[in-house]
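Taking it in order: structure first as structure tokens, then the write-up.
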């Protein structure tokens, strides 16, 4: 049995990053940059109007003669003399001799001339060439995750494809004779299977969409066959249930027969003590407890950072904060506690009722997990505790 800290270190040490791949920018949402990207152009590539209005060459008077018009996309060069102006639109190229752009709401136009309603400011409403980035400067560093804004940013530089870390294929293996799908009437001793949907949603929350669900009865040969298939088709295998040492728990035995390298089994924590982590070649496997809350806690604490690392991110896992506890807590188990909780509006964190390993109701109300180290016996009201913020 290992501590939480030892388990995290073992996972970080033994989780490989996937190979990189070059993809069209439009196919990279949620993926992570494999290398630094430098801007191939100045951004913007020319002095650009930030407003609809008039580009002017400032002179001492407030009246200007209009000598033309420039729309976005026009490439014509206009040379403005002092006291001259052109009608201009947002995004259009500002003439090199223009010294300001005035908003259309700040002028009075009469025929081919305008009168300023207030004094123009030199450089006003002009986005200078290279204001965001100069050619050759760092645009996005390695490890950046590509969301809509990052994709739009790169596309605005004319970049069409990038090198990114491949997304891992994740297989979810659900075990248990008692499990049936919703929509069917429950028989004696049966329960509806929900953990696969829960884990699928948790995987998608990390930014992964490639996920396969497998279901197997409590049978040793069938478990070996399904696990072999899951390892063949995926980079990460999550097994749910069957990892304990009961007469009908076959996962641990099957993993051993399949030559999975045993890196640790059981963690000094509650919930989620019967957690297994191992490797088979360059594939990693987490065998999660069967109880839903335990499985989800182990996912957030251990699988989440592993998936981040595989995708090329830091692997730091959930955001961690230090917050005061709203009520006292006792830890009489000598194990680490991971408790479903809610961060309150006053900045305190409150541990919820319903901490059972089987209870997802309280998880559905939680926005955080409180971590109590194994050697800490008492946390008093107002003490600072470590809080792991759940994904929104």
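Residue numbers (our numbering): 68 to 459.
By construction, the Cβ of each residue, glycine as well, lies at the ideal position given by its N, Cα and C atoms.
Keep in mind that this is a model prediction, so the values were computed, not measured.
Between which two residues does the alpha helix (DSSP H) carrying residue i extend?
i           : result
residue 288 : 287-300
residue 265 : 262-273
residue 81  : 71-81
residue 345 : No alpha helix (DSSP H) contains residue 345, which is instead part of the beta strand (DSSP E) from 343-347.
residue 219 : 215-222
residue 392 : Run containing residue 392: none; DSSP gives neither H nor E here.
Write down the C-beta distance between residue i and residue j rounded to the nearest angstrom, noting that I regard them as a contact closer than 8 Å.
i           : j           : result
residue 235 : residue 374 : 7 Å
residue 118 : residue 157 : 6 Å
residue 159 : residue 141 : 6 Å
residue 429 : residue 420 : 7 Å
residue 409 : residue 417 : 5 Å
residue 422 : residue 99  : Rounded, the Cβ-Cβ distance is 35 Å, inconsistent with contact.
residue 218 : residue 95  : 7 Å
residue 425 : residue 358 : 5 Å
residue 116 : residue 181 : That belief does not hold up - the Cβ atoms of residue 116 and residue 181 are roughly 15 Å apart, past 8 Å.
residue 360 : residue 343 : Contact flag wrong, Cβ pair sits at about 18 Å.
residue 191 : residue 167 : 5 Å
Can you tell me the Cα-Cα spacing of residue i and residue j, whole angstroms?
i           : j           : result
residue 123 : residue 151 : 6 Å
residue 128 : residue 89  : 57 Å
residue 356 : residue 228 : 41 Å
residue 351 : residue 304 : 6 Å
residue 79  : residue 262 : 25 Å
residue 367 : residue 200 : 37 Å
residue 345 : residue 333 : 12 Å
residue 260 : residue 249 : 7 Å
residue 145 : residue 155 : 11 Å
residue 126 : residue 149 : 5 Å
residue 237 : residue 302 : 6 Å
residue 97  : residue 212 : 6 Å
residue 111 : residue 173 : 25 Å
residue 196 : residue 104 : 20 Å
residue 120 : residue 108 : 27 Å
residue 76  : residue 252 : 45 Å
residue 455 : residue 413 : 17 Å
residue 203 : residue 163 : 23 Å
Quick one: is residue i buried, meaning 16 or more other Cβ sit within 10 Å of its Cβ, or exposed?
i           : result
residue 82  : buried
residue 138 : exposed
residue 101 : buried
residue 316 : buried
residue 336 : buried
residue 209 : exposed
Beta strand (DSSP E) containing residue i: first to last residue?
i           : result
residue 91  : 87-91
residue 282 : 278-283
residue 321 : Residue 321 -> not in any beta strand (DSSP E); alpha helix (DSSP H) instead, spanning 318-324.
residue 376 : Segment 371-377 is the alpha helix (DSSP H) holding residue 376; no beta strand (DSSP E) there.
residue 430 : Careful: residue 430 lies outside any beta strand (DSSP E), inside the alpha helix (DSSP H) at 428-432.
Any contact of the stretch 394-412 with the stretch 436-444, i.e. 3+ C-beta pairs under 8 Å? Yes, the stretch 394-412 touches the stretch 436-444.
I'd like to know if the stretch 241-253 and the stretch 271-291 are in contact, where contact means that at least 3 CB-CB pairs between them fall below 8 Å. Two segments are said to touch when three or more pairs of C-beta atoms, one from each, lie closer than 8 Å; by this definition the stretch 241-253 touches the stretch 271-291.
Decide yes or no for the touch test of the stretch 268-281 against the stretch 323-330: beta carbon pairs closer than 8 Å, at least 3 of them. Here the stretch 268-281 makes no contact with the stretch 323-330; the two share fewer than three CB pairs at distances below 8 Å.
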